[in-house]
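The next block holds one structure in the form of structure tokens; read it before the comments.
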Amino acid sequence: MSGDPRLWRTHGPDILDRSAAERRRLGSAFTTWLQLLSGPLTMIICCRRLPKRRWGGELFEPAAARSELPGPPPGDDEFSRTTYLLVAPGTNPDALRLLESLQASCQVETSPASRLPALGEGPWSERGRALLVGGRWLSSLRMAGSPGVEVEAGWLWELASTPGEFDLAVRVVPRPQAAADRSLRRRLRGLLAQELVGSLSGPDPRLEVAAHAARELRQVLARSGGRLFHVEMTVSLCGDSAAEVKAMVAGFRTRAAALRMNWTPAWFDELPARLETLGRPLPGGRPQILMPTEEVGTLWPWVATTEPGVEEQTVIGRHQRTGALVTLEAGHQDGHPNRNLAVVAASGGGKSYLAGLVGLEAARRGQAVVVLDPENEHGRWCSAVGGEYLDLAQSPGCGFNALELGSTAEALALAVDLIDVLTGPLSQQERSAALRAATHVIESSGPHRAGVLGDCLARLEQEEVGRDLAGRLAPWVTGEAGLLFSSPGRGPSVRTSCVIGLRDLPESWLAGATLLVSAWLNYWLKAAPGVKQIIVDEAGLLSDVAALRSLMARLARRARKYQGSLMLLTQTGSDLTGSSFGEVVAVNAATVLLGAQQELGARRLQQAFGLDDSDRMWLQQAGRGDFLMVSDTTRTPVRVEAPQRYRAWLGAGRSQE
Ligand SMILES: Nc1ncnc2c1ncn2[C@@H]1O[C@H](COP(=O)(O)OP(=O)(O)OP(=O)(O)O)[C@@H](O)[C@H]1O
Ligand SMILES: [Mg+2]
1486 MSGDPRLWRT
1496 HGPDILDRSA
1506 AERRRLGSAF
1516 TTWLQLLSGP
1526 LTMIICCRRL
1536 PKRRWGGELF
1546 EPAAARSELP
1556 GPPPGDDEFS
1566 RTTYLLVAPG
1576 TNPDALRLLE
1586 SLQASCQVET
1596 SPASRLPALG
1606 EGPWSERGRA
1616 LLVGGRWLSS
1626 LRMAGSPGVE
1636 VEAGWLWELA
1646 STPGEFDLAV
1656 RVVPRPQAAA
1666 DRSLRRRLRG
1676 LLAQELVGSL
1686 SGPDPRLEVA
1696 AHAARELRQV
1706 LARSGGRLFH
1716 VEMTVSLCGD
1726 SAAEVKAMVA
1736 GFRTRAAALR
1746 MNWTPAWFDE
1756 LPARLETLGR
1766 PLPGGRPQIL
1776 MPTEEVGTLW
1786 PWVATTEPGV
1796 EEQTVIGRHQ
1806 RTGALVTLEA
1816 GHQDGHPNRN
1826 LAVVAASGGG
1836 KSYLAGLVGL
1846 EAARRGQAVV
1856 VLDPENEHGR
1866 WCSAVGGEYL
1876 DLAQSPGCGF
1886 NALELGSTAE
1896 ALALAVDLID
1906 VLTGPLSQQE
1916 RSAALRAATH
1926 VIESSGPHRA
1936 GVLGDCLARL
1946 EQEEVGRDLA
1956 GRLAPWVTGE
1966 AGLLFSSPGR
1976 GPSVRTSCVI
1986 GLRDLPESWL
1996 AGATLLVSAW
2006 LNYWLKAAPG
2016 VKQIIVDEAG
2026 LLSDVAALRS
2036 LMARLARRAR
2046 KYQGSLMLLT
2056 QTGSDLTGSS
2066 FGEVVAVNAA
2076 TVLLGAQQEL
2086 GARRLQQAFG
2096 LDDSDRMWLQ
2106 QAGRGDFLMV
2116 SDTTRTPVRV
2126 EAPQRYRAWL
2136 GAGRSQE
């Protein structure tokens, strides 16, 4: 070997969180990539305990007060798993090209690393069953046989899920064709000899199986493209005491046994085994398993990699399989800070809880939040963070004036749509009359556009065609209704957060009120500075009105341009897929969170979002607070969990009752 081995820190997709098609694609890309190897490759999964992290609610506190908070609760240890690759430039002369090809074909990011993170540092001494390094205990085991069950790419997770710190090294050495064939022939001859000797006492099934496997490997060799590899695996488990590491060894062996895999402890050989997990094996003497390329291709080593830096991200809970904190940003593969989000779950699935959590997280990060709240559920958390609660049924104190929102053209279109929604469908002539009246009011009210919808009445009454319309409009622009539909004002000025409660509005007001508020949202999105989060709970209730649907679709389309993110929550997938409005939202929602569903609903979602059967089953079995985060080809199973500080604000959250 010439030159130094090269170490690379890598970050690749957790293949188990991908759609079936993507798993197949990545698995076969990895298999193809392995064929490029001309020398040994070592993949080392380093699992380390993360320092306890504060997240969510605690971070609301100013930094000074934060240090006085009690520490994070015990339990729920978090681990980071990082995969390092070690390629020897002497045997893989084109190591860099090799890595580039890995990046391109398997979406793996690589960066050079000088060393592996230490498990223990300081003086070391060897015991029979452990290596003591800097006061820590390391025990190693070696693979003595490949899995006895059928495995797919990602199966290493079964071993890497061992709680605790460890280095798991997988060394893959391509065998030259001729040498591999020679050793297989030797092996077959040996097996045949054993069979002959043993035949006197009847056939031995173990010999038959071994001979069958060796013949199959020879066939692989004979097929063009098939290659054979020697695979070695060693794990060094690390604890702070002999008892801790002993328990880890037992846990690891249980996991291996579930795979019908045999691992032998490296007793009295601990130092050489540790050198193997550091990527510096001593020559010879270890168990080596011969595997064809397809089998080696299942050794995908990027499993459950943890995202750092949750402080600056929206934490929505924990990964169901790995226990790692999950952030909304994790689903945004283009790294854009804010994207639309669609949430679909049956009633009681935990949508509003999730909406509140996202709202709180946005407020924590200094974003302006507006919630459209048809069930008046979001008042409590909003007040707790100093936000404003506007109950539209209780004369809100700030007007949403159709004639003031947006450009003149937008205001005119809105005024006509609003009249249409309030008075019942307008005939073509009535529409023109309404437009003339609104134009007149805007033109005559000066640059500040102080005119309100009620001012249209006088102008309408001057026209034959407008008289009947004026009669229908009058009740909406006077009295109680007038306070909402015909008051001056450009909506609330949102300081931190603002919840707009719609629940207690008379049924017949709902469409008009939501139309006005949606128009205001469009106006606010464009006019307000900074990052904005808009949350529309129970969007299904709102989508009956065409004008409203088109405003919401516009909001979805434009959100990103104005640093906004729209979160739409609804009970059924058909709200998102059965209408043009929904399609705009679904297309513009880079991330979709799907929660509990009955079979029929789950089938519809499967069709709409291209889910696998296993995803559909997951949805059918999901409980309250379980969501599948779907983004492109990623499917992350999330258990929505709010930090302690938020829980009282979110639970049983119907305030203002
Ligand atoms: N992740 C969670 N952790 C703890 N409690 C939760 C969680 N999700 C939901 N809940 C609780 O379950 C109940 C129902 O949840 P929620 O109101 O969010 O459901 P929903 O999907 O919005 O239902 P609906 O469609 O009827 O509005 C609430 O009391 C809520 O506090
Ligand atoms: Mg709800």
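With my numbering applied, the sequence shown corresponds to residues 1486 to 2142, in that order.
Cβ atoms here follow ideal geometry from the backbone N, Cα and C, with glycine treated the same way.
Given the structure is predicted, the values throughout are model-derived calculations rather than measurements.
| said: Using only CA atoms, which one of T1924, A1869, V1906 and G1864 lies nearest to S1892? | reply: Along the sequence shown, one-based indexing puts residue 1892 at 407. Here the closest residue by C-alpha is T1924.
| task | Report the partner residues of G1630 according to the DSSP bridge assignment. | result | As a first step, residue 1630 is located in the sequence shown; it is residue number 145 there, counting from the start. Answer by DSSP bridge pairing, in chain order: N1747.
| said: Per DSSP, what are the beta-bridge partners of K2017 in this structure? | reply: Against the sequence shown, residue 2017 aligns to sequence position 532. BP columns for K2017 point to A1853 and G2049.
| field | Rounded separation between L2010 and K2017 - CA only | value | Counting from 1 along the sequence shown, the entry for residue 2010 is found at position 525. Counting from 1 along the sequence shown, the entry for residue 2017 is found at position 532. Each residue's alpha carbon lies about 7 Å from the other.
| request: Could you check which residue in A2081, A1919 and T1527 has the C-alpha nearest to that of D1652? | output: Looking up residue 1652 in the sequence shown gives position 167. If we check each option's Cα against that of D1652, T1527 comes out closest.
| D2022 CB to nearest heavy atom of ligand 2 below 7 Å | For the purposes of this step, residue 2022 is taken as residue 537 along the sequence shown, with counting starting at 1. Flag set: Cβ of D2022 near ligand 2.
| query | Hey, is the region 1855-1872 in contact with the region 2085-2093, meaning 3+ C-beta pairs nearer than 8 Å? | reply | no
| Counting only runs that start and end within the region 1737-1812, where is the beta strand (DSSP E) found for 3 or more residues in a row? | 1747-1750, 1774-1777, 1800-1804 and 1810-1812
| said: Applying the 10 Å Cβ sphere with the 16-neighbour rule, what's the burial state of L2053? | reply: Residue mapping note: residue 2053 aligns to position 568 of the sequence shown, counting from 1. The residue in question, L2053, is buried, as its Cβ has 16 or more Cβ neighbours within 10 Å.
| request: Can you tell me which of the three DSSP states G1844 falls into? | output: Counting from one through the sequence shown, the residue named residue 1844 turns up at place 359. In this structure, G1844 counts as helix in the three-state DSSP scheme.
| request: Given a cut-off of 8 Å, decide if F1564 and L1535 are closer than it, judged by their beta-carbon atoms. | output: Position 50 of the sequence shown, counted from the first residue, corresponds to residue 1535. Position 79 of the sequence shown, counted from the first residue, corresponds to residue 1564. In contact: L1535 and F1564 (Cβ atoms closer than 8 Å).
| Going by Cα to Cα distance, which pick from L1522, L2033, C1983 and A1955 is closest to V1657? | In the sequence shown, counting from the first residue as 1, residue 1657 sits at position 172. Closest option to V1657, Cα to Cα, is L1522.
| said: Just to confirm my understanding: we take L1845, look at its own chain, exclude 5 residues before and 5 after, and list those with CB closer than 8 Å. What are they? | reply: Counting from 1 along the sequence shown, the entry for residue 1845 is found at position 360. Correct list, in chain order: G1541, G1542, W1866, V1870, A2127, Y2131, W2134 and L2135.
| A1732, DSSP secondary structure in three states | Against the sequence shown, residue 1732 aligns to sequence position 247. If DSSP states are grouped into helix, strand and coil, A1732 belongs with the helices.
| Cβ neighbour criterion (16 or more within 10 Å) applied to K1836 | Start at 1 with the first residue of the sequence shown, and residue 1836 comes out as number 351. With 16 or more other Cβ atoms within 10 Å, it is buried.
| Straight-line Cα distance separating C1532 from T1567 | Along the sequence shown, read from residue 1 onward, the residue named residue 1567 stands at position 82. Along the sequence shown, read from residue 1 onward, the residue named residue 1532 stands at position 47. Distance between the alpha carbons of T1567 and C1532 is about 7 Å.
| Which runs of the alpha helix (DSSP H), 4 residues or longer, sit entirely within the region 1876-1921? | 1893-1908
| With 16 other Cβ atoms within 10 Å as the buried cut-off, status of E1635 | If you number the sequence shown from 1, residue 1635 lands on position 150. So E1635 ends up on the exposed side.
| task | Verify the contact flag: Y2131, CB atom, against every heavy atom of ligand 1, threshold strictly below 7 Å. | result | Position 646 of the sequence shown, counted from the first residue, corresponds to residue 2131. Checking every heavy atom of ligand 1 against the Cβ of Y2131, none is found closer than 7 Å.
| Which one of L1784, V1854, G1619 and S1610 has the shortest CA to CA distance from S2050? | Residue mapping note: residue 2050 aligns to position 565 of the sequence shown, counting from 1. Residue V1854 is the option with its Cα nearest to S2050.
| query | Between which two residues does the beta strand (DSSP E) harbouring A1654 extend? | reply | Working through the sequence shown from its first residue, we reach residue 1654 at position 169. Start and end: E1650 to R1660.
| task | Hey, could you find the ends of the alpha helix (DSSP H) D2111 is sitting in? | result | If you number the sequence shown from 1, residue 2111 lands on position 626. Not the alpha helix (DSSP H): D2111 falls in the beta strand (DSSP E), residues D2111 to S2116.
| If you pair each beta-carbon of the region 1606-1621 with each one of the region 1740-1747, do three or more pairs fall below 8 Å? | no
| query | Using the rule of at least 16 other Cβ atoms within 10 Å of the residue's Cβ for burial, across every protein chain shown, is L1571 buried or exposed? | reply | Here the question's residue 1571 lines up with position 86 in the sequence shown. Counting Cβ neighbours within 10 Å, L1571 comes out buried, since at least 16 surround it.
| What is the DSSP secondary structure of E1637, counted as helix, strand or coil? | Residue 1637 sits at position 152 when you count from the first residue of the sequence shown. Correct three-state label for E1637: coil.
| Alpha-carbon to alpha-carbon, G1724 and W1609 | As a first step, residue 1609 is located in the sequence shown; it is residue number 124 there, counting from the start. As a first step, residue 1724 is located in the sequence shown; it is residue number 239 there, counting from the start. W1609 and G1724: Cα-Cα distance of roughly 14 Å.
| field | Neighbourhood of Y2008 by C-beta distance below 6 Å, restricted to the same chain and skipping five residues each side | value | As a first step, residue 2008 is located in the sequence shown; it is residue number 523 there, counting from the start. Same-chain partners within the cutoff: L1890 and G1891.
| field | R1621 in three-state terms, based on DSSP | value | Within the sequence shown, the letter at position 136 stands for residue 1621. Note: R1621 maps to strand in three-state DSSP.
| message | Please give the ranges of any alpha helix (DSSP H) in the region 1565-1593, keeping only runs that are unbroken, at least 4 residues long and fully inside the region. | response | 1580-1591
| Are the beta-carbon atoms of P1462 and W1518 separated by less than 8 Å? | Given a span of 1486 to 2142 for the chain in the structure shown, any question on residue 1462 remains unanswerable.
| task | Would you mind stating whether A1645 and I1500 have Cβ atoms separated by less than 8 Å? | result | Translated into the one-based positions of the sequence shown, residue 1645 becomes position 160. Translated into the one-based positions of the sequence shown, residue 1500 becomes position 15. Contact flag unset, no.
| field | Span separating the alpha-carbon of A2044 from that of Q1852 | value | Here residue 2044 refers to the residue found at position 559 of the sequence shown. Here residue 1852 refers to the residue found at position 367 of the sequence shown. Each residue's Cα considered, the two are about 14 Å apart.
| Who are the near neighbours of E1606 in its chain, counting only those whose CB is closer than 8 Å to its CB and skipping five residues on each side? | Residue mapping note: residue 1606 aligns to position 121 of the sequence shown, counting from 1. Result list for E1606: V1618 and G1619, in chain order.
| request: Check H1496 in the structure and name its three-state DSSP category. | output: By one-based count along the sequence shown, residue 1496 stands at place 11. Strand, per DSSP.
| field | For T1527, the first and last residue of its enclosing beta strand (DSSP E) | value | As a first step, residue 1527 is located in the sequence shown; it is residue number 42 there, counting from the start. Where T1527 is concerned, the enclosing beta strand (DSSP E) stretches over L1526 to R1534.
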